[in-house]
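Novice:
In full-length UniProt numbering, the protein residues as written are 1 to 943.
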């Protein structure tokens with residue numbers, strides 16, 4: 001049974017209890033028995049614990065799934081003129097005056113005899129039925145039903161009828177959605193009703209307060225009989241082919257009743273709000289209300305009168321029934337039962353009284369207003385005389401302020417206004433071809449670049465961690481950060497390689513006749529040194545849906561790049577972790593990280609750009625042929641294109657007691673481990689990877705002892721080679737970290753689930769309060785079994801140079817991608833580096849958006865160990881390592897030589913920006929050989 005269908009026993013047919021429904025709304029997202037609700041509002045909102053239907057908007061046109069009741073479309077739009085928020089407070093809990101309810105016989109007795117419940121709610125001013133229909137199709141739990149109508153073709157369809165695909169018992173469940181913001185539910189349980197009300201929220205315009213919705217709802221019992229009728233306070237529906245139309249007729253009348261109830265409550269609130277005014281009038285006091293406020297209140301009255309008398313069906317019978325006499329009779333009987341005509345007449349009488357009161361108050365306020373105008377005219381004349389006497393001096397003063405200038409530190413004047421600053425920053429001759437120059441502009445700095453004879457100016461700091469770009473590597477049309485390899489276009493400032501999310505501001509540069517270089521910058525951009533690229537807006541007519549599976553840096557980059565490249569369809573990002581994408585590299589480096597401060601983007605960002613982030617949800621299946629994914633809560637989403645970047649999960653060795661050890665992959669893992677640390681604790685780390693060593697560097701000094709267990713001779717041999725690995729090991733030992741190499745752990749020993757010791761493979765016992773596994777990871781692709789996507793034995797997925805898989809329209813990136821490496825002659829490789837994952841996300845998005853973009857990035861990674869930054873770029877398995885510099889002082893450059901003497905990689909410590917320069921050299925398709933390193937190992941770097 002799908003999670004949206006309630007299978008609980010419905011043992012009461014009373015009006016939906018506000019306590020019950022509100023409780024269900026609050027708790028349904030945590031229900032674990034298959035009764036999870038539909039998603040929270042979809043439009044750019046985060047969905048936690050459930051996956052809502054995909055909203056694929058389109059024009060309604062003459063859609064056969066809607067019923068038109070003969071109201072011209074222009075008149076339908078008039079229904080939205082009165083806003084619920086203008087009269088009914090969305091947050092106050094003031095008790096509304098209620099119309100009397102009809103007494104009914106014992107409902108439990110009727111339920112026992114097979115009666116079912118029909119309930120009507122008015123939840124908003126209007127529903128967006130076209131988006132609602134699309135969402136229901138995507139949800140695949142309800143089937144739209146077609147109605148035949150003799151209405152005019154120029155009328156707008158305004159009723160949607162759907163039937164549940166899955167039955168609870170023998171009776172079907174029908175739902176009627178009316179455009180004017182009402183829904184009528186046939187044979188739905190309390191829980192399902194609450195789910196449906198939550199589901200409707202994204203498609204509502206001017207939603208009503210939840211308490212008001214429940215207070216003004218209507219509920220009836222119904223059963224089947226030979227003839228449709230209203231009898232004994234219950235509906236009776238025939239078993240003929242007309243049953244659906246009969247249900248619609250009853251629903252139509254109930255819809256009017258609950259909508260009228262909302263308006264009645266609005267008017268009662270209005271009357272209560274004006275009670276103090278009538279009391280002041282009676283006592284002869286001054287009326288404490290302003291003219292604009294009174295004008296607004298009068299407008300509310302006329303809007304309510306308009307919607308009741310002109311834009312609704314309260315005073316006449318809808319055209320739908322003109323050629324359906326039996327249904328018209330049934331409709332009129334039902335309206336009479338709910339006292340529609342009488343209630344409308346009473347409302348109009350109250351409205352007339354309120355309008356008369358408003359006219360009286362307005363007249364009184366106008367008299368006071370005229371007196372104030374006379375005094376204002378007198379005062380203005382006096383001010384004009386005074387102003388004339390000082391005008392000349394004032395204008396002189398203002399003129400001097402406008403023409404004032406300050407001196408720039410570069411020697412030129414700085415023109416300033418509220419938004420921009422402009423100044424001469426240098427002479428054109430100060431910067432040569434293919435050179436960069438950092439110059440001061442007011443209180444900020446900018447980076448000037450000259451290439452192909454053109455001067456451009458962008459932000460001077462990398463948007464990732466703030467490295468000075470003037471110390472980086474200038475490539476062809478871009479500059480690369482010296483620290484972590486991020487690249488920025490020198491003309492636009494756009495980020496082209498990673499890490500980081502933001503682009504740089506781009507400033508206007510002009511060169512005067514005398515060679516003065518003038519830069520104009522926006523003050524805010526000069527201060528922040530960051531810029532978010534313009535995002536495309538969601539277009540309702542764009543029915544495409546692009547799904548991103550994975551909420552890491554790769555998925556996050558893909559999502560916003562799609563918007564940046566003009567994609568206006570739906571973007572859905574599904575993240576197994578219960579949080580937004582964050583800076584994952586801090587997990588092992590700073591375990592006390594503040595997650596909120598590490599988020600790559602805020603929830604507001606995703607809301608503003610209508611990127612749907614589904615959190616705490618995993619994909620369990622992908623059907624490449626049907627282009628459909630299944631989520632772990634049972635929901636299904638159809639997609640047009642998909643990007644998979646699910647990453648990896650930490651590997652746990654198959655040893656006894658492994659469950660007592662920790663791993664480091666997520667922010668939750670880091671928080672858990674950090675909470676276990678403390679003075680006197682003994683930490684054992686299995687693995688000499690970057691994760692293991694970064695964890696050791698973090699822990700030492702916070703605990704009594706840190707021991708690292710490695711199966712090799714030295715740590716990081718596969719990444720840096722023997723010599724550098726040995727020197728790093730010595731660095732750790734100098735800081736108090738102990739190593740046990742050529743070993744492993746064969747058992748974790750504890751008491752009551754608490755770790756006490758670990759036993760090494762040679763039988764050595766080590767005391768351990770905390771054990772951390774850092775021995776690699778496995779790829780998270782199990783859900784792709786039988787998907788049609790070819791998955792390798794190690795879990796990776798082969799891609800072409802555009803990151804597309806063997807299944808058209810499905811792209812993969814990040815850890816799981818076995819993709820071509822541009823700097824190594826296109827060799828396929830699986831590389832788990834953070835910047836490369838982001839780059840994959842960008843390239844995949846470009847190709848999904850129709851901008852053919854092949855992979856050209858050079859793998860670049862780094863680590864910081866005890867304040868020493870180690871950088872590496874390239875890929876491959878070297879036959880030789882050549883080290884230039886002083887390894888003992890950790891100030892060196894290492895060249896990794898592959899087959900044929902080719903330099904396939906380079907690493908460094910305290911020798912920036914050489915690794916960035918090599919990365920830029922390789923990205924241009926240039927090849928460096930061993931012979932090029934003599935006599936000058938850096939002769940390949942442009943001067």
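Where a beta carbon is used, it is the ideal one built from N, C-alpha and C, also for glycine.
Look at the alpha carbon of residue 266 and the alpha carbon of residue 552, and state the distance between them as a whole number of angstroms.
Specialist: Residue numbering aside, residue 266 sits at position 266 when the chain shown is read from its first letter. Residue numbering aside, residue 552 sits at position 552 when the chain shown is read from its first letter. Straight-line Cα distance between these residues: approximately 47 Å.
Novice: With a floor of 3 residues, list each beta strand (DSSP E) that falls wholly inside the stretch 572-660, ordered by position along the chain.
Specialist: The stretch 572-660 contains these whole beta strand (DSSP E) runs: 611-615, 619-623, 628-631, 636-638, 641-644, 648-650.
Novice: Which class does residue 486 belong to by DSSP, given the choice of helix, strand or coil?
Specialist: One-based indexing of the chain shown puts residue 486 at position 486. DSSP places residue 486 in coil when its eight states are reduced to three.
Novice: Spatial neighbours of residue 680 within its chain, please: CB distance less than 7 Å, with the 5 preceding and 5 following residues excluded, ordered by chain position.
Specialist: Position 680 of the chain shown, counted from the start, is the residue given in the question as residue 680. 704.
Novice: So is residue 170 buried or exposed if we call it buried at 16+ other beta carbons inside 10 Å?
Specialist: Locating residue 170 in the chain shown gives position 170, where the first residue counts as 1. With fewer than 16 other Cβ atoms within 10 Å, it is exposed.
Novice: Between residue 532 and residue 445, what straight-line distance do the alpha-carbon atoms span, to the nearest angstrom?
Specialist: As a working note, residue 532 is residue 532 in the chain shown. As a working note, residue 445 is residue 445 in the chain shown. About 19 Å.
Novice: Between residue 526 and the rest of its own chain, which residues show a CB-CB distance below 6 Å, the 5 nearest in sequence each way excluded?
Specialist: Position 526 of the chain shown, counted from the first residue, corresponds to residue 526. Answer for residue 526: 444, listed in chain order.
Novice: In the DSSP assignment, what residue or residues form a beta bridge with residue 307?
Specialist: Within the chain shown, numbered from 1, the residue matching residue 307 stands at position 307. DSSP output for residue 307 lists no bridge partner at all.
Novice: Could you tell me which of 192, 668, 360 sits nearest to residue 592, measuring between CA atoms?
Specialist: Taking the first residue of the chain shown as 1, we reach residue 592 at position 592. That would be 668, whose Cα lies nearest to the Cα of residue 592.
Novice: Nearest to residue 860 by CA position, among 481, 748, 827, is which residue?
Specialist: One-based indexing of the chain shown puts residue 860 at position 860. Out of 481, 748, 827, 481 has the C-alpha closest to the C-alpha of residue 860.
Novice: If I follow the unbroken beta strand (DSSP E) through residue 930, where does it start and stop?
Specialist: Your numbering for residue 930 matches position 930 in the chain shown. Premise fails: residue 930 is in no beta strand (DSSP E) and is neither H nor E.
Novice: Taking 7 Å as the cut-off, decide whether the C-beta atoms of residue 228 and residue 334 are in contact.
Specialist: To locate residue 228, count along the chain shown from 1; it is residue 228. To locate residue 334, count along the chain shown from 1; it is residue 334. Not in contact: residue 228 and residue 334 (Cβ atoms no closer than 7 Å).
Novice: For a minimum of 3 consecutive residues, which ranges assigned as the beta strand (DSSP E) are wholly contained in the stretch 162-222?
Specialist: Those beta strand (DSSP E) runs which fall completely within the stretch 162-222 and span 3+ residues are 174-178, 182-186, 204-207.
Novice: For residue 874, does the three-state DSSP call read helix, strand or coil?
Specialist: For the purposes of this step, residue 874 is taken as the residue at position 874 of the chain shown. Three-state DSSP puts residue 874 in a strand.
Novice: Leaving out five residues before and five after residue 892 in sequence, what residues of the same chain have Cβ atoms less than 7 Å from its Cβ?
Specialist: If you number the chain shown from 1, residue 892 lands on position 892. So the qualifying residues of the chain are 883, 884, 885, 886, 908, 909, 911.
Novice: DSSP on residue 818, reduced to helix/strand/coil?
Specialist: For the purposes of this step, residue 818 is taken as the residue at position 818 of the chain shown. Residue 818 falls in the strand class under three-state DSSP.
Novice: Span of the beta strand (DSSP E) holding residue 862?
Specialist: Here the question's residue 862 lines up with position 862 in the chain shown. That run of the beta strand (DSSP E) goes 860-865.
Novice: Indicate whether residue 660 and residue 755 have their beta-carbon atoms separated by less than 7 Å.
Specialist: Here residue 660 corresponds to residue number 660 of the chain shown, with the count starting at 1. Here residue 755 corresponds to residue number 755 of the chain shown, with the count starting at 1. Going by C-beta atoms, residue 660 is nearer than 7 Å to residue 755.
Novice: The alpha helix (DSSP H) with residue 519 in it runs from where to where?
Specialist: By 1-based counting over the chain shown, the position of residue 519 is 519. Element bounds for residue 519: not the alpha helix (DSSP H) but the beta strand (DSSP E), 516-522.
Novice: Could you give the distance in angstroms between the alpha-carbon of residue 517 and the alpha-carbon of residue 424?
Specialist: Along the chain shown, read from residue 1 onward, the residue named residue 517 stands at position 517. Along the chain shown, read from residue 1 onward, the residue named residue 424 stands at position 424. Residue 517 and residue 424: Cα-Cα distance of roughly 5 Å.
Novice: Nearer than 6 Å: is that true of the beta carbon of residue 603 relative to any heavy atom of the ligand GDP?
Specialist: With respect to the ligand GDP, the structure shown offers nothing to examine, as it has no ligands at all.
Novice: Between which two residues does the alpha helix (DSSP H) holding residue 144 run?
Specialist: Your numbering for residue 144 matches position 144 in the chain shown. From DSSP, residue 144 is part of no alpha helix (DSSP H) but of the beta strand (DSSP E) over 142-144.
Novice: So residue 136 is in the alpha helix (DSSP H); what residue range does that whole segment cover?
Specialist: What you label residue 136 is simply residue 136 of the chain shown in a count that begins at 1. Residue 136 -> alpha helix (DSSP H) spans 129-139.
Novice: Is residue 59 helix, strand or coil when you go by DSSP?
Specialist: Sequence index remark: in the chain shown, residue 59 carries index 59 (1-based). Any reading at residue 59 is ruled out, since the residue's pLDDT is 33, under 50, leaving its predicted position unreliable.
Novice: What residues match up with residue 427 in a beta bridge as DSSP calls it?
Specialist: Position 427 of the chain shown holds residue 427. Residue 427 pairs with 516.
Novice: Just list the residues that DSSP pairs residue 908 with in beta bridges.
Specialist: One-based indexing of the chain shown puts residue 908 at position 908. Looking at the DSSP assignment, residue 908 forms a beta bridge with 871, 893.
Novice: Restricting to Cα atoms, I'd like to know which of 600, 503, 555, 612 is closest to residue 568.
Specialist: Taking the chain shown and counting its residues from 1, one reaches residue 568 at position 568. Of the listed residues, the one whose Cα sits closest to residue 568 is 612.
Novice: How far does the beta strand (DSSP E) with residue 746 in it extend, from its first residue to its last?
Specialist: Reading the chain shown from its first residue, position 746 is the one you call residue 746. Start and end: 745-751.
Novice: Residue 797: which of 643, 767, 509, 739 sits nearest, CA to CA?
Specialist: Within the chain shown, numbered from 1, the residue matching residue 797 stands at position 797. Residue 643 is the option with its Cα nearest to residue 797.
Novice: For residue 247, I'd like the list of residues in its chain whose CB is within less than 7 Å of its CB, leaving aside the five on either flank, ordered along the chain.
Specialist: Looking up residue 247 in the chain shown gives position 247. Same-chain partners within the cutoff: 174, 186, 237.
Novice: Going by C-alpha to C-alpha distance, which of 541, 713, 767, 728 sits closest to residue 741?
Specialist: Working through the chain shown from its first residue, we reach residue 741 at position 741. Comparing Cα-Cα distances from residue 741 to each of 541, 713, 767, 728, the minimum goes to 713.
Novice: Taking Cβ to Cβ, would you say residue 124 is nearer than 7 Å to residue 194?
Specialist: The sequence position of residue 124 within the chain shown is 124, counting from 1. The sequence position of residue 194 within the chain shown is 194, counting from 1. No, these two residues do not count as a Cβ contact at 7 Å.
Novice: Run the CB neighbour count on residue 402, radius 10 Å, all protein chains shown included, and call it buried at 16 or more, exposed below.
Specialist: Within the chain shown, numbered from 1, the residue matching residue 402 stands at position 402. No answer about residue 402 holds up, because its pLDDT of 40 lies below 50 and its placement is not dependable.
Novice: Can you tell me the Cβ-Cβ gap for residue 896 and residue 874, rounded? I've got them flagged as a contact below 8 Å.
Specialist: Walking along the chain shown from the start, residue 896 turns up at place 896. Walking along the chain shown from the start, residue 874 turns up at place 874. Between residue 874 and residue 896 the Cβ distance is about 7 Å, and since that is below 8 Å, they are a contact.
Novice: Quick check on the burial criterion: 16 or more other C-beta atoms within 10 angstroms. Buried or exposed for residue 213?
Specialist: Residue 213 sits at position 213 when you count from the first residue of the chain shown. Flag for residue 213 reads buried.
Novice: Sort 571, 513, 440 by Cα distance to residue 540 and report the nearest one.
Specialist: Looking up residue 540 in the chain shown gives position 540. When each option's Cα is compared against that of residue 540, the closest is 571.
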